[in-house]
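Position one of the sequence shown corresponds to residue -7 (our numbering), numbered consecutively onward.
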Amino acid sequence: MVISLETPSLEQKNNTKKIFFLAGDHRGDLQGSIVIWHLKRLLPDLEITGVGGKLMKEAGMTCIHNSDEMAVIGIIEVVKNFKTLKHIKSDIQNWLSNNRPDMVVLIDYPDFNKMIADYAKSIGLHVLYYITPQVWAWRSGRVKDFVKVIDEAVVFFPFEVDIWKNAGTTVNWFGHPLVGKAVPSAPKEVLREKFELTGEQIVGILPGSRTQEIDYILPELLTAADYILKKYPKVEFLIPLASTIEESHVRSYLQQHPKLNVKIIRDKAYDVMEASDVCIVTSGTATLETAIIGTPMVVVYRTNWITSILTKYFIESAYIALPNVIAGRRIVPELIRENFRANNVAYAAIEILEDKKVQARIRDDLKKVKKSLGEPGAGERVAEHIAKRLQELGH
């Protein structure tokens, strides 16, 4: 779709369009940056302000706060950071009140973003929610509360359309923005040569993009790696390091596992996924990226014990791993809560490494998942939709 922008009048030129984006974590920063990049191309004079990270800033957004300040997970962590989050909330509300943007775009981060949506709606601003809360997974009743404080939703997955439409809001699906973006820089063998890999088995370890996830998850994964090493003495491990994580923090854990042959690769997650025979992936966006690339995986997750106990009773989905959710059945192993133990993780990874038929079956299932996510260019289509909506609101 091509946006045909009318020649602005003198009055319109003096009334530059303004939009506010809010992304509270690394995932939102990535997806927001894709949309912003295309928006700046469509509407060069558009003023984009908000809360985000390095990627959204590089795409052309002026940040009033960095999303790193908000990247907390779990009930305990939210309580610990209550003052910081309250301060950011107050600053956002003041900015919205004083600047009155033409649209507020909220990305993921549901509990905090709902408060901002409530305020924005109360002062008459148009609210678009992008990457809507996973009401299909847990606390499904939330959808009724969200539709009261937003004007429209843009969802990630096709099965979400009916959920939000039936709840009473305008909803669109333009495909998943990672399709066409989650692409390695080279074929498997080229990447293995580039990374100087000589192991008979290559295992990718993706412990998450937040420091808290590293602390909760990486120690268990490294112990699992020790088990895998006993089975395959010539195995090598790759850890792709997110821009949000300090290498020294990861190395402090690696020092406790001196026998492991581990290479840390900065900002090359897609290449690590492609180069690996199997990946052990923390639940979240990385599982979908791995699925799109097509590498067999084991999905894991752990948080603090209070959050873990509470979510056990709130989660309504049969699966937590996104490839399984989309497929509607278990196509990759997932190990969470009490099942997330080093021996279980190692066993699941070894089972994949040992059996070519299992590998082929998983790869075939992941191809089907990728196909269901739509065609490349979703981020551009979302930006085109927002640009069109801004014109309509102006009229």
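Backbone N, C-alpha and C fix where the C-beta goes; we use that ideal spot for every residue, glycine too.
Identify, in the order they occur along the chain, each residue of the same chain with its Cβ nearer than 7 Å to the Cβ of D154, setting aside the five sequence neighbours on each side. Listed in chain order, the non-local C-beta contacts of D154 below 7 Å within the same chain number zero, local neighbours out to five positions each way being set aside.
Thinking C-beta only, is I312 closer than 8 Å to S364? Cβ atoms of S364 and I312: not closer than 8 Å.
Does M265 come out as helix, strand or coil in the three-state DSSP assignment? M265: helix per DSSP, three-state reduction.
Just mark H18 as buried or exposed, buried being the case when its beta carbon has 16 or more other beta carbons within 10 Å. Buried.
State yes or no: is the C-beta of I342 within less than 8 Å of the C-beta of V350? With contacts defined by Cβ atoms closer than 8 Å, I342 and V350 do not form a contacting pair.
Is the beta carbon of V264 sitting closer than 8 Å to the one on G196? Cβ atoms of V264 and G196: closer than 8 Å.
Between the alpha carbons of L31 and I354, how many angstroms are there, rounded? The straight-line gap from Cα to Cα measures roughly 37 Å.
Range covered by the beta strand (DSSP E) that runs through A370: Counted as a single uninterrupted DSSP element, the stretch harbouring A370 is not any beta strand (DSSP E) but the alpha helix (DSSP H) occupying residues A370 to G386.
How about P315 and V361: are their beta carbons less than 8 Å apart? Yes, the pair counts as a contact, with Cβ atoms nearer than the cut-off.
For A267, which of L189, F148, W156 and R202 has the nearest alpha-carbon? Ranking L189, F148, W156 and R202 by CA distance to the CA of A267 puts L189 first.
What is the residue span of the alpha helix (DSSP H) that P102 lies within? Segment P102 to S114, the alpha helix (DSSP H) holding P102.
If you run the structure through DSSP and keep just helix, strand and coil, what is I40? I40 sits in a strand when the DSSP states are folded into three classes.
Contact check, S25 vs M62 under 8 Å by CB: the rounded distance? By a beta-carbon distance limit of 8 Å, S25 does not contact M62. Their separation comes to about 16 Å.
Ordered along the chain, which non-local residues of its own chain (more than five positions away) have a Cβ less than 6 Å from that of D143? Within the same chain, D143 has close Cβ partners H118 and V119.
Distance, R134 Cα to W156 Cα: If you take the alpha carbons of W156 and R134, they lie about 11 Å apart.
Would you kindly report the start and end of the unbroken alpha helix (DSSP H) that includes P315? Going by DSSP, P315 is part of the alpha helix (DSSP H) stretching over L314 to A319.
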